[in-house]
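Visitor: So that we are looking at the same thing, I have put the structure below in structure tokens.
Numbering (the numbering used here), first residue to last: 16 to 142.
Structure (structure tokens):
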């Protein structure tokens with residue numbers, strides 16, 4: 016789709032990196048039960064956004080394991096049935112700065128100036 020083609024352009028490299036690191040949780044191997052504990056686990060993407068692990072049946076953010084995990088010397092890969100999208104791919108700039116909490120005045124000013132649609136554009140944008 017359109018998002019896929021944009022992610023492979025130089026301007027969208029940060030978003031592609033964020034998407035890829037949203038699939039990485041620090042620590043654990045196939046034999047390490049700690050990684051597979053039910054609950055949220057912080058990812059290595061920019062926001063440290065959590066993914067939700069469920070062990071029975073094994074799922075990540077509701078996506079089931081499609082084949083057995085593959086172990087490497089430095090970790091393991093758990094193939095799931097979909098690409099997980101971090102919040103950064105579905106949030107526009109106004110939503111991101113509003114969620115930050117430190118930038119309330121900036122959000123109020125953007126809304127007062129009628130810039131929500133501009134800042135929700137295709138981007139990438141830097142504020």
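Every residue gets a Cβ at the ideal spot worked out from N, C-alpha and C, and that includes glycine.
Classify residue 97 as buried or exposed, calling it buried when 16 or more other Cβ atoms lie within 10 Å of its own Cβ.
Guide: Exposed.
Visitor: Looking at the unbroken alpha helix (DSSP H) that takes in residue 131, where does it start and where does it end?
Guide: Element bounds for residue 131: 131 to 134.
Visitor: Name the two residues that bound the continuous alpha helix (DSSP H) containing residue 119.
Guide: Residues 119 to 127.
Visitor: Please give the ranges of any beta strand (DSSP E) in the region 60 to 97, keeping only runs that are unbroken, at least 3 residues long and fully inside the region.
Guide: Runs of the beta strand (DSSP E) inside the region 60 to 97: 65 to 70, 73 to 75, 85 to 87, 90 to 92.
Visitor: Cβ of residue 42 within 7 Å of any heavy atom in the ligand GTP?
Guide: Only the bare structure without any ligand can be found here, which leaves the ligand GTP out of the picture.
Visitor: If I'm right that residue 30 touches residue 103 with Cβ under 8 Å, what's the distance once you round it to whole angstroms?
Guide: Confirmed, about 6 Å.
Visitor: In three-state terms, what does DSSP make of residue 58?
Guide: It is a strand residue.
Visitor: Do three or more CB pairs link the region 62 to 77 to the region 122 to 131 at distances below 8 Å?
Guide: Too few Cβ pairs lie closer than 8 Å, so no.
Visitor: Run through DSSP, which three-state label would residue 142 get?
Guide: It is coil, neither helix nor strand.
Visitor: To the nearest angstrom, how far is the alpha carbon of residue 34 from that of residue 137?
Guide: Approximately 17 Å between the Cα atoms of the pair.
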